[in-house]
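Enquirer: I have a structure I would like to understand better, so I am pasting it below and will then ask my questions one at a time.
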Amino acid sequence: MADDTTSGGTPVGRRVVLGMLGLGAAGVVWGSKVADALNRVLAPVQAMDGTGLTSLIPAAGRFRIYSVVGFLPRRSAAEYRLKVTGLVERPLELTLADLKAMNPVRLVRDFQCVTGWRVPEVPWKGALLADVLDAAGVKPEGRALSFKSFDGSYTESLTLDQARRPDVLVAYELEDKPVTDAHGGPVRLYVAPMYGYKSCKWLEEIEVTADVVEGYWEERGYDTDAWIGRSNGRRDDPVG
Ligand SMILES: Nc1nc2c(c(=O)[nH]1)N[C@H]1C(S)=C(S)[C@@H](COP(=O)(O)O)O[C@H]1N2
Ligand SMILES: [Mo]
Numbered sequence: 002m003a004d005d006t007t008s009g010g011t012p013v014g015r016r017v018v019l020g021m022l023g024l025g026a027a028g029v030v031w032g033s034k035v036a037d038a039l040n041r042v043l044a045p046v047q048a049m050d051g052t053g054l055t056s057l058i059p060a061a062g063r064f065r066i067y068s069v070v071g072f073l074p075r076r077s078a079a080e081y082r083l084k085v086t087g088l089v090e091r092p093l094e095l096t097l098a099d100l101k102a103m104n105p106v107r108l109v110r111d112f113q114c115v116t117g118w119r120v121p122e123v124p125w126k127g128a129l130l131a132d133v134l135d136a137a138g139v140k141p142e143g144r145a146l147s148f149k150s151f152d153g154s155y156t157e158s159l160t161l162d163q164a165r166r167p168d169v170l171v172a173y174e175l176e177d178k179p180v181t182d183a184h185g186g187p188v189r190l191y192v193a194p195m196y197g198y199k200s201c202k203w204l205e206e207i208e209v210t211a212d213v214v215e216g217y218w219e220e221r222g223y224d225t226d227a228w229i230g231r232s233n234g235r236r237d238d239p240v241g
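With my numbering applied, the sequence shown covers 2 to 241.
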């Protein structure tokens, strides 16, 4: 399943969003007061494509903004915590200051969604995921990671070997500014060599697991190993 699943148009987006709100597409009578109210609430949601609802808010700049829950969750920098749990010696609860105290890494890479859009030369900054893992101390039986978002729904995964690459960040800056709410701030994952869906927004928890636990889009047919240019049947140029 790749770009052939792309389906533009507001009606699809509405149906999916209503489904997620538990109302059920079949029972919805368009034009009803309920639908009108929902449309006002969901006004920023413009379309559905192959990896989610695209909110075409002006602040998005060069990107499309995705949120599978149909809204943009919000957590202030002051109240933000990143939990590191599971098969670790020392479970952690890191503040944004804790993350910034780790060796900062800045990368400039193209950002590539599996549906085909690409933003060239995006600067990212954050702590190496490897450094976060070392701070917690991964137990010998830990071989994979499960990432959870504070949107309450999105999950992702990496093997430990993938996670320890020098181009995988727990990112707090995007385009040399704090990661915005829309882009998954205060802190999101950034997996440079893989398609965008691996880069979990609104990152709340990293659980070390024995085996890979498939994430949101993997459960819906996308490849677990999401290398740009050699997964999901795509032939994109690899990132530089
Ligand atoms: N929590 C969460 N993370 C997510 C998504 C999402 O819907 N929810 N979408 C993924 C996909 S498919 C892409 S391409 C990128 C898009 O990042 P952006 O919204 O900052 O452009 O976020 C990824 N991370
Ligand atoms: Mo995506």
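Cβ atoms here follow ideal geometry from the backbone N, Cα and C, with glycine treated the same way.
According to the neighbour-count rule (16 or more other Cβ atoms, all chains shown, within 10 Å of its Cβ), is V139 buried or exposed?
Expert: Buried, by the Cβ-count rule.
Enquirer: Evaluate contact between the segment 125 to 144 and the segment 100 to 113, counting only Cβ atoms and requiring at least three cross-stretch pairs below 8 Å.
Expert: Taking 8 Å as the limit for Cβ pairs, the verdict is that the segment 100 to 113 does touch the segment 125 to 144.
Enquirer: Given 8 Å as the limit, is there contact between the segment 142 to 153 and the segment 186 to 205, that is, 3 or more CB pairs closer than that?
Expert: Touching, yes, given that three or more Cβ pairs across the two stretches are closer than 8 Å.
Enquirer: Output the boundary residues of the beta strand (DSSP E) element that contains K1.
Expert: This structure cannot settle anything about residue 1, because the visible part of the chain is limited to 2 through 241.
Enquirer: Would you say the beta carbon of Y155 comes nearer than 7 Å to a heavy atom of ligand 2?
Expert: Flag unset: Cβ of Y155 not near ligand 2.
Enquirer: Just tell me which of A227, D50, P74, G51 has its CA closest to the CA of L204.
Expert: Per the Cα distances, P74.
Enquirer: Comparing C-alpha positions only, which one of G153, Q113, A193, R107 sits nearest to F72?
Expert: Of G153, Q113, A193, R107, the residue nearest in Cα terms is G153.
Enquirer: Based on the DSSP output, what are the partners of V242 in its beta bridges?
Expert: With the chain covering only 2 through 241, there is no way to say anything about residue 242.
Enquirer: Counting only runs that start and end within the segment 171 to 233, where is the beta strand (DSSP E) found for 3 or more residues in a row?
Expert: Counting whole runs of 3 or more residues, the segment 171 to 233 contains the beta strand (DSSP E) stretches 189 to 192, 204 to 210.
Enquirer: With respect to the alpha helix (DSSP H) encompassing A244, which residues constitute its N-terminal and C-terminal limits?
Expert: An answer regarding residue 244 cannot be provided, because it is not within the stretch 2 to 241 covered by the chain.
Enquirer: Can you list, in chain order, the residues of its chain whose CB lies under 6 Å from that of G143, leaving out five sequence neighbours each side?
Expert: Cβ neighbours of G143 beyond the five flanking positions: L88, V209.
Enquirer: Around the C-beta of P121, are 16 or more other C-beta atoms found within 10 angstroms, so that it is buried, or is it exposed?
Expert: Exposed, because fewer than 16 other Cβ atoms sit within 10 Å of the Cβ of P121.
Enquirer: Look at G234 and S158 and say whether their C-beta atoms are less than 8 Å apart.
Expert: Against a cut-off of 8 Å, the Cβ pair of S158 and G234 comes out as no contact.
Enquirer: Whole-angstrom Cβ separation of A164 and V188, contact assumed at under 8 Å?
Expert: Incorrect: roughly 16 Å between the Cβ atoms, too far for contact.
Enquirer: At a threshold of 7 Å, does K202 count as lining ligand 3 (C-beta to nearest heavy atom)?
Expert: Absence of ligand 3 from the depicted structure is noted, with ligand 1 and ligand 2 being the only ligands included.
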